[in-house]
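Residue numbers (the numbering used here): 105 to 307. The beta carbon of each residue, even a glycine, is placed where N, CA and C say it ideally should be. Data block below; observations after.
Written out as structure tokens, the structure is:
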């Protein structure tokens, strides 16, 4: 019965949970709790959530491989799409904080490493979101689709680099996420060897 409930309502519940940070930020804004620069505060919060969703997306496959939790597989797409959704909000909040001034928005975009890594991370996420549907997977073919979606790791590395460059606070706040990402990357490298070792006949 639990499995049936999860199959029917698990995705809806997960989507609702993924929306809670946004609802919290909206509530803070309505109550005037976002400070003197509400859009700047919102930009930071949306960026943090986008990164968390991206890492959660990358954690699904290792969890399935390690514990055989196959029920998590559909969550990977949900986390990935919400990562992109919050990344869009992050970008929009920055634009609003700068008064929608295109000159100010683009200033340093290609010369400042902090801005450049964030911009590149967002660009990499665009094709991942566009090709997230089953129809696009069928169009590309499974092999090419899987190869393309390995770019999720590239997006995460760029996003972590972007976050760590956000001054001393960025380094302190996002070091745990950087460690988690490093562990996930290490797992991806060693898992094929571990799987072969486990499948090797004994005796």
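Distances from the CA of residue 183 to each of 292, 117, 293, 301 were compared; the closest alpha carbon is that of 117. Of all alpha-carbon atoms in 284, 189, 245, 275, the one lying nearest the alpha-carbon of residue 230 is that of 189.
A straight line joining the alpha-carbon of residue 132 with that of residue 255 spans about 34 Å. The three-state reading of DSSP puts residue 214 in coil, since its state is none of H, G, I, E or B. Excluding residues up to 5 positions away in sequence, 284, 288 lie with their Cβ nearer than 8 Å to the Cβ of residue 163 in the same chain. Closest in C-alpha terms to residue 282, from the list 234, 269, 169, comes 269.
It is roughly 19 Å from the alpha-carbon of residue 180 to the alpha-carbon of residue 244. The beta carbons of residue 199 and residue 158 sit about 21 Å from each other, so the pair does not count as a contact at 8 Å. Assignment of residue 141 by DSSP, reduced to helix, strand and coil, places it in the coil class. One thing to note: residue 278 has its Cβ no nearer than 8 Å to the Cβ of residue 260. Its chain contains 184, 185, 188 as the residues whose beta carbon lies nearer than 8 Å to that of residue 233, once the 5 sequence neighbours on both sides are disregarded; these appear in chain order.
Residue 147 sits away from residue 208, with the two beta carbons spaced by 8 Å or more. Listed in chain order, the non-local C-beta contacts of residue 262 below 7 Å within the same chain comprise 221, 224, 225, 228, local neighbours out to five positions each way being set aside. When secondary structure is reduced to three states using DSSP, residue 243 falls in the helix class. DSSP places residue 200 inside the alpha helix (DSSP H), whose first and last residues are 177 to 201. Taking the C-beta atoms as reference points, residue 168 is found nearer than 8 Å to residue 176. Ranked by how close their Cα comes to the Cα of residue 192, the residues 153, 276, 173 have 153 in first place.
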